[in-house]
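Numbering (our numbering), first residue to last: 184 to 440. Glycine included, every Cβ here is placed at the ideal spot set by N, Cα and C. Quantities reported herein were computed from a predicted structural model and do not represent experimental measurements.
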Ligand code: 0WE
């Protein structure tokens, strides 16, 4: 019997087999959850469909988190499929390439707004849509992904750092709003991982090596460690945990020189 046996999970943000969201999907499925996945656009649909088949997950529809109509149609499909929802994973972020290098100071009003909308507001929009489906199941657990750049000024993370700070604050306020309905909201702050998201980042490898050398565990974080911790936080083993940002970063965030 798995630790999330029979739970129904929506996972938003699987792009390919390296995605942290995919690691979460695989571990949830292995621990007995039923999974629904969404995809963003036709190119990623081609990646997500074969992955979904591997874990008998349902591809419930296209979801661009800036599109309210797509959010409504995904949750309508979930209501029809399950008439409820236990778990929601939000693994979505965006900043323009030009805002992930050089000076934060130069970010435009439009780029700032777009990054905040996709990376932080989208959690609020999805949580709002999930609330009635989770209440129908007597509660639920919502999880998002963050990064240390939310609380430290990390070179080049710039706009994403500001958006992740907002995201972590959203986790706290949502946890208060949803707590009375037994819905928990938490974030995992993962270490740097080689995913589609970081492949575009200059000096990523130098940074990753620096973390490995200084972190208490003296090694890189494994993507599967995010999947395992996510499953624990989504499961009833963490029934007393909400509003938190939990670090899955081989301990890096606690060191200093
Ligand atoms: O949150 C992230 C990155 C998310 C991300 C990545 C991209 C690349 C392609 C958001 N938007 C975009 N936009 C694109 O056009 N990470 C935690 C990975 C990451 O990104 C960094 C990092 C790390 C770590 C950027 C600068 C420095 C470190």
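The nearest non-hydrogen atom of the ligand 0WE is less than 6 Å from the C-beta of residue 375.
Here DSSP, grouped into helix, strand and coil, assigns residue 199 to coil. Counting of Cβ neighbours within 10 angstroms places residue 255 among the exposed residues, the total staying below 16.
Scanning the region 388-432 from its first residue to its last, the whole alpha helix (DSSP H) runs of 4-plus residues come out as 406-417. Around the beta carbon of residue 388, fewer than 16 other beta carbons sit within 10 angstroms, so the residue counts as exposed. Inside the region 251-279, DSSP marks whole beta strand (DSSP E) runs of 3 or more residues at positions 270-273, from first to last along the chain. In summary, residue 369 is buried, with 16 or more beta-carbon neighbours lying within 10 Å of its beta-carbon over all protein chains present. Comparing alpha carbon positions, the residue from 340, 409 and 352 closest to residue 279 is 340. The C-beta distance from residue 371 to residue 270 rounds to 14 Å, too long to meet the 8 Å contact threshold. Under the DSSP assignment, residue 294 falls outside any beta strand (DSSP E), being part of the alpha helix (DSSP H) whose first and last residues are 292-299. Counting C-beta pairs with one atom in each stretch, the region 188-198 and the region 208-220 have three or more that are closer than 8 Å, which means they touch. Taking all protein chains in view, the Cβ of residue 286 is surrounded by fewer than 16 other Cβ atoms within 10 Å, so the residue is classified as exposed. A Cβ-Cβ distance of about 6 Å is found for the pair residue 249 and residue 301, placing them in contact under the 8 Å criterion. Remark: the C-beta of residue 199 is outside contact range of the ligand 0WE, defined as less than 6 Å to any heavy atom.
The DSSP-derived three-state label of residue 214 is coil. Rounded to whole angstroms, residue 440 and residue 197 show a C-alpha spacing of 36 Å. For residue 222, the secondary structure class from DSSP, reduced to helix, strand or coil, is strand.
Per DSSP, reduced to three states, the secondary structure at residue 283 is coil, with no helix or strand assignment.
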